[in-house]
């Protein structure tokens, strides 16, 4: 791996870690956010409403991928990166200063949901864009290993958000954190935003994109070409329903549902539950790179199928065993 390739992976991954940090803060603090912004409902309904607002960000992620993917194909990866990180960072910071339901009434949850939608759009463009940018710098036969570092960013972003939350919560106490200090992790995002923008301004455009632009081979209508030609559309649908949907279920069940299950169903103390999830992430993260590199040798399909089968075979027994212990 050359020095330039290391710089590309580091710069792309670090910015994406910060975006995942911003995105995951909401999910990790859903119970508190429900009380702050949906206090007009009973506690159970407020928590469900906060989870639905969290889900709204996922709902628009595909649209973010389409919008910013199109921009990336037309104006380049670098400048699209800057737009997505700015939208994510500013949206997250605003959540930290947004008045609660008790202060401004129904406007609070409406603004909160709008911010979640912006976060989802930004992350939809960021994640695919980062993977594409790294892949276009990767040498032949190394794309799995190189782009696997982008996959670690989701785990590292969640891990970072948990560390910040645990650190602040432990320092100020549960009561103070739930009342006011829950906003601090969101406000910290403005510092991460500044670092991310500085890093991305120093990045160069993808050599593959520059070559296509010089040769006049950039797409003039990428969405039309992707969705109106059956050969291309078939690949999109297979990737969406055959790969992404299943991977999403595996990931979010293992992280956020596990956290919700521990705190709500088993009544585990929140900080303890977050420590447990953080420990699991720390153990599992290196395997993204291991299996990414392995996919360069044996192919992507066997790795994907093995992961899906393993999740199907183990998730229900594991949750059942934990509940019965």
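In the working numbering, the protein residues as written are 16 to 340. In this text, a Cβ means the ideal position worked out from N, Cα and C, and glycines have one as well. Since this is a predicted model, take the numbers as computed values, not measurements.
Item	Value
Local conformation of residue 30 per DSSP, three classes	helix
CB contact flag (residue 183, residue 196, <8 Å)	yes
Rounded C-alpha distance that separates residue 335 from residue 210	43 Å
Three-state secondary structure (DSSP) of residue 293	helix
Alpha carbon of residue 156 to alpha carbon of residue 311, nearest angstrom	6 Å
Cβ contact check for the region 111-123 and the region 84-93: 3 or more pairs under 8 Å	no
Per-residue burial, residue 213 [other beta carbons within 10 Å of its own, 16 or more giving buried]	exposed
Residue 189 classed as buried or exposed, judged by whether at least 16 other C-beta atoms fall within 10 angstroms	exposed
Inter-stretch contact at 8 Å, needing at least 3 Cβ pairs: the region 170-178 / the region 317-332	no
Inter-residue CB distance, residue 151 and residue 96 (contact presumed, cutoff 8 Å)	Not a contact, Cβ separation roughly 13 Å.
Nearest to residue 185 (by Cα), restricted to the options 135, 92, 94 and 284	284
Given residue 125 as reference, the closest of 136, 139, 110 and 137 once Cα atoms are compared	110
Supposed close pair residue 164, residue 48 - CB separation, criterion 8 Å	With a Cβ gap of about 31 Å, residue 164 and residue 48 do not count as contacting.
8 Å Cβ cutoff met for residue 134 and residue 72	yes
Whole-angstrom C-beta distance between residue 107 and residue 40, which should lie under 8 Å	7 Å
Same chain, Cβ closer than 6 Å to residue 307, five either side skipped, listed in chain order	159, 160 and 163
Buried/exposed call for residue 10, threshold 16 Cβ in 10 Å	No answer is possible for residue 10: the residues shown for the chain start at 16 and end at 340.
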